[in-house]
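Quick note: the sequence shown uses this note's numbering, first residue 125, plus one each step. To start, the structure under review is shown below, and the notes come after it.
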Amino acid sequence: MSGKMPISYLSSGLIPLVVWLTYSWVTDRLRWRALRKWGEENGCKEPRMSENFSLDGIGRFAMLFLKPKKDFDVFEDIILPQYQTAGSTTYRSRLGPNSLVSTSDPENLQAILATRFNDYSLGEIRSGNFFELLGHGIFTSDGEAWAQYRQQLKPQFSRDQVSDLEAAERHLQILYRALPQNSSETIDIAPLLFRFTMDVSTEFLFGQSVNSQTTALHSEDSGNKKDLQEEEKFVEAMTYSQEYIVWRIRLSKLWWLARSKKFRDACQTCQNFTSRFVQSALDNKHSTPPPSEPSKEKFILLNALTHQTRDPIQLRDQMLHVLLAGRDTTAALLSWTIALLSRDPAIYAQYRSAVLLHFGTATSPTDPMTFTSLKACKELTHLLYETIRVYPVNPINSRTAIRDTILPVGGGADGRSPVAVRKGEVVSYSSYVLHRRKDLWGEDADEWKPERWAGRKLGWEFLGFNGGPRVCIGQQYALNEASFVIARFLQKYERIEAADMDVKIQKKLSLTLSPAELGKECSDTIGNGADWLHVDIMDGHFVPNITFGAPVVTKIRSHVDRPSNKHGKGTFDCHMMIAEPKKWVKEFQKAGCDLYCFHYEAAISSTAAESPEATSESKTSPKELIRYIHDCGMLAGIAIKPDTKVDVLWDILESSDEKEKPDMVLVMTVHPGFGGQKFMASELPKVAELRKRYPELNIEVDGGLGPGTIDQAADAGANVIVAGSAVFGAKDPSEVIAKLRQAQAKMAVLDFLVTPYTIPVALVIFFVVPYFTSNTTLRDIPGPIAARFTRLWLLLQARQGKRYLSVDDAHKKYGKFVRIQPDHVSIADDSAIQVVYGHGNGFLKSDYYDAFVSIQRGLFNTRDRAEHTRKRKTISHTFSAKSIGQFEQYMHGNLDLFVRQWDTLSNNAHGQYAKIDCLHWFNYLAFDIIGDLAFGTPFGMLEKGKDITEIRKTPDAPITYAPAVEVLNRRGEVSGTLGCLPQLKPYAKYLPDPFFSQGLAAVENLAGIAVARVSQRLEGKQDVERVDLLARLMEGKDESGAKLGRAELTAEALTQLIAGSDTTSNTSCAILYWICKTPGVLAKLQKELDDAIPVGVDVPTFNMVKDLKYLNNVIQETLRIHSTSSLGLPRVVPPGGAEVCGRFFPAYTVLSVPAYTIHHSKEIWGEDADEFVPDRWDNLTERQKNSFIPFSYGPRSCVGRNVAEMELALIVSTTFRRYEFDLYQDKLETREGFLRKPLECMVGIKKRANV
């Protein structure tokens, strides 16, 4: 796909972009005004603003991405100067429409990481960016999910588990074999250490090493060739995916724009490889005895975790998370320590003496190296701590505020006042800057002096292993391994010297900070900004000239780091202009060639066969030669001269065998053999044709290229540009490379526009058309500009979890009628409720509900009237007021367990308030109750005190596990968002925003919960004699009169599960919040409950509380002010049109009445509409009664209302009769999916004295 994007698509795409940017700017300014006011009330002052970047942070973006300066150092050239320019250790900077607080104050770090830990999250940027590689786990999760993952892993890093050094010793012996055997040889040790830690880590995790070192050595230790190939692919994929993530995280909130196929394939390779070990561990159920039983077997982390969870996805993700941390951080620490020791012979000798004193020599050891003895050797600890201080492995990190919060210092002229941080603002903190503060570490803070640690205690000025609840759980593992390796090096080697003693060590910003050695000569070209070195090899036969051979390549290779991944920086692209290309493959592979590019003409020529030196081995076809190159471990390229037609390559490029396909095609734009020739633009049609047929192919252009011609090559479709004379003949090669880089940026933009996402984006933009082609009668209805011509405006509000607020704000601005989509009008008038939702008016549900269909249509998302009537009839009498009494006993059973759990929490606090997030417990309670009512047995969440549920993707699939609450939340959010544009649902998983792919995965998992429960019943695994909802559904009939099929039965069971779980928990949480927040309400309610419920009754009966006036007032007022479903449920105007509130709407217009806006209308509810006033329910007007729609209205109203009201009455009466509460938050933060869900509700609970 080499053509440019049609201009009409581009124009259509720019309009919503401009509108969105304008809208974002305005709302941003309003939010800042509110934050400053709140901050002033709390004594906060503004921190200093960074003035380094103009145009709201564009300068920062440019320096991070485009700066071509040789020896560019992101920390020395950007991070440190930013703090210096700001003149403060805490400052705020602008990044486009967003802001960033940067700090290196220990007091602020303590607040972020410990004392105000609950005010921050990792943020969507981090969790989303890592998700494709790591999935869900300890390093990407927040809240309860994080706590659960940490609880699983922390016991596995006890001293007993991490003190085994046998594997480290074995792999260290392999490392020694790769090191120089005499003092005249040099080697870059960093890549070897990364392989070493990969091998040690995988053996600790899986019980089996990937043996990346032996693969690299091509030794007899390699074992099974096929396995090693898979393991090597895993190592390469892991490295590539990590580097790709680090690169794209610089895009901030737009990181999701970068999702190349190669990256996705690398992530899949890592996950597939890990899943193989996971499945093996699950199959071998007795591989490791339960942790409670003593065992002398080798500890394997994966086997230990299988005793905590049998979910293969969760196990896979946890393994990848630990591997990421265990490999890179330790390797970087070792690399820096050895690099620094090698540059200071005096310190090396000093600390070698200390190690020899403790442990003896390598040949005559006096004391074995153990966890205890290594820790006792304080000199090793000093070495490692000082290395971590000067070169922290995680030099920069961040958190995102999940509520308006405060940093203790950094504000005002002196920097000692608090700083207000707004919800959603990112706070970046740099341990690199912190560790070099001279006021904390002395004037020599920039120097590496291990002796400074003698007698020093750790405080918040040292952040080597993070701090607070998220402190690194593997720090002892890392320190033990690193201490062992450094001690063994000091034992074995009398000295280690740096090859380039006077050259400054450069830093590489990857997931960890690691050293990157600079070479000489050709390394300058890489330093000037080049990505690859293109090496022309000429033999005097295929072309007239002769250049050099493999020995020279070997010499050059020693000065340039090997690429860490395929096509990575430092790749040696050897252009073999030779007559016998096969003959030299192995020799150039040994010399360090990464990409071996031969000429098509040489491979098919008879020259090789007729040459006196030719052998049978030198005769080969292009496909056979490509296979041979791949088998030798290199990438393969094929080149064509100007006289060769491009179609000769079709058969090769379309081979059914991947090993016979080239990784790159080189199109010569000069005749091969001489430099300085004029660029031949006539060859570019070959490039264009290649790009059109093979969009993912690497296409290289070589010959006559420079700043004046690279654009032509880029436009044709080339993505690899070779420039020789233009660079090396210039006075300033770096300047020429910079200009080439600018042209490459243009190519990157084109490459993004022509991606697999182009078609979905074009389809989305297509929906701008309705504004110009339909609903002309709606043109005069006001609304946000973008909403009038595209459905994307409402989709964006839903994606941000604030649709109801945006619609409410729009009504405040525009009035009663607001156009929120081209064909959708929101009506903020209570008189519209009866017309839009009432019986007999012919309004059907809109296509919004199509986004909620899973398995097949259920009662909730069925749009056909007759079908809905049939489905509702099946279960409606089960929910009648006369029938719901049968459910009370099951509610009581779960409430009894709920009370016991809260009593335990309260008792453990010893008379004080026990601090909990009540939302979690209400979730557990609601899920267990609906499990009991719908399926005959609870989910077991209350008993376990955590959220974990069985799922089955299909009835025959094995059981796995998932966090049901998280799954339900994600499903609600993604379905509520896609409902704004349901035509997007089939393509949403391809969108680069992981919100959609993760949400759709949650849709499948939620369906899997219903599948698992229905399967248990149908397979007779549940002994259920009572009539529950599933039993009632099993008695139902389909449209033909037959019993419901399994799919429909499961779909309806899923509907009941969704309807009866988070609706109850969200409302219960909101009730508790508003009762505790509003003075006088708790005391009044408890008095009423005390009078009605006899002493000694833990859980009252429904008869005891159903008629309690104030209890019902409290529940009703919460349903009004919180509005569990706050959005306007969309309905379609029937044929013939309809008049609503004095205005005619044509057929098929979508109308909705926003529940939140109606429930907060001061015209209806009075000036105190935004306040929690239970007493208002004593004297309701008729209008207020008709305007109260928490369960919707009409034929599609909630069928389970009676059960919900009983359940809420029992939960509220039980909870507030038994406990006192202390509220720990000023505001109930919520996020909207289909329902309006609290994010948390932190309270203290204490059992009442008189109960």
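Where is the CB? At the ideal position from N, CA and C, for every residue including glycine.
Just the C-alpha distance for residue i and residue j, rounded to the nearest angstrom, thanks.
i, j, result
"GLY261", "VAL1336", "35 Å"
"CYS1365", "ALA952", "30 Å"
"ILE236", "SER226", "12 Å"
"GLU1287", "GLY966", "29 Å"
"GLU367", "ARG476", "35 Å"
"ARG1320", "THR998", "15 Å"
"ASN843", "MET701", "21 Å"
"GLN206", "CYS394", "37 Å"
"ALA922", "LYS969", "19 Å"
"PRO492", "ALA763", "58 Å"
"LEU447", "ILE424", "13 Å"
"HIS691", "LYS386", "11 Å"
"GLN1379", "ASP826", "Residue 1379 is absent from the structure shown; the chain starts at 125 and stops at 1375."
"VAL479", "GLU605", "15 Å"
"LYS1361", "LEU329", "38 Å"
"VAL1277", "THR363", "52 Å"
"ARG1024", "VAL551", "40 Å"
"LYS349", "ASN590", "Low confidence applies to LYS349: its pLDDT is 44, below 50, so where it sits in the model is not reliable enough to give any reading."
"LEU296", "GLN599", "20 Å"
"LEU257", "LEU316", "24 Å"
"ARG915", "TRP149", "21 Å"
"VAL402", "GLN432", "13 Å"
"PHE1377", "PHE608", "Nothing about residue 1377 can be read from this structure; the chain reaches only from 125 to 1375."
"ILE753", "SER333", "27 Å"
"GLU293", "ILE471", "25 Å"
Name the DSSP bridge partner or partners of residue i?
i, result
"VAL908", "With the sequence shown as reference, residue 908 is identified as Pro, and Val is not the correct amino acid for it. BP columns for PRO908 are empty, so no partner."
"CYS721", "HIS699 and GLY761"
"ILE530", "ALA544"
"ASP660", "HIS699"
"VAL677", "The partner list for VAL677 (beta bridge, DSSP) is empty, contrary to what the question assumes."
"ASN518", "Partner(s): none; ASN518 has no beta bridge."
"GLU293", "The partner list for GLU293 (beta bridge, DSSP) is empty, contrary to what the question assumes."
"PHE941", "ILE951"
Check whether the Cβ atoms of residue i and residue j lie closer than 8 Å to each other.
i, j, result
"ILE1075", "ALA1136", "yes"
"VAL359", "HIS658", "no"
"GLY1184", "ALA1005", "no"
"GLN438", "LEU277", "no"
"LEU1334", "VAL1219", "no"
"ARG523", "SER212", "no"
"TYR553", "SER251", "no"
"PHE1358", "SER955", "no"
"ASP1152", "LEU1092", "no"
Among the residues of its own chain, which have a CB less than 7 Å from the CB of residue i, if the five just before and after it don't count?
i, result
"ALA269", "HIS260, PRO1087 and GLU1090"
"ASP570", "ARG560"
For residue i, which residues from the same chain have a beta carbon less than 6 Å from its beta carbon, with the 5 sequence-adjacent residues on both sides left out?
i, result
"ILE1053", "MET1015 and ASN1018"
Mark residue i as exposed unless 16 or more other C-beta atoms lie within 10 angstroms of its C-beta, in which case mark it buried.
i, result
"PHE1377", "Outside the shown range of the chain (125 to 1375) lies residue 1377, about which nothing can therefore be said."
"ASN1129", "buried"
"ASP771", "exposed"
"GLY450", "buried"
"ASP407", "exposed"
"TRP1026", "buried"
"GLU1356", "buried"
"GLN1122", "buried"
"ARG216", "buried"
Given residue i, which residues of its chain have a CB within under 8 Å of its CB, disregarding the five upstream and five downstream residues?
i, result
"MET1330", "ILE1008, PHE1011, GLU1012, MET1015, PHE1226 and LYS1230"
Does any residue of chain B have a CB that is nearer than 8 Å to the CB of residue i?
i, result
"PRO1062", "The structure shown contains no chain B; it holds only a single protein chain."
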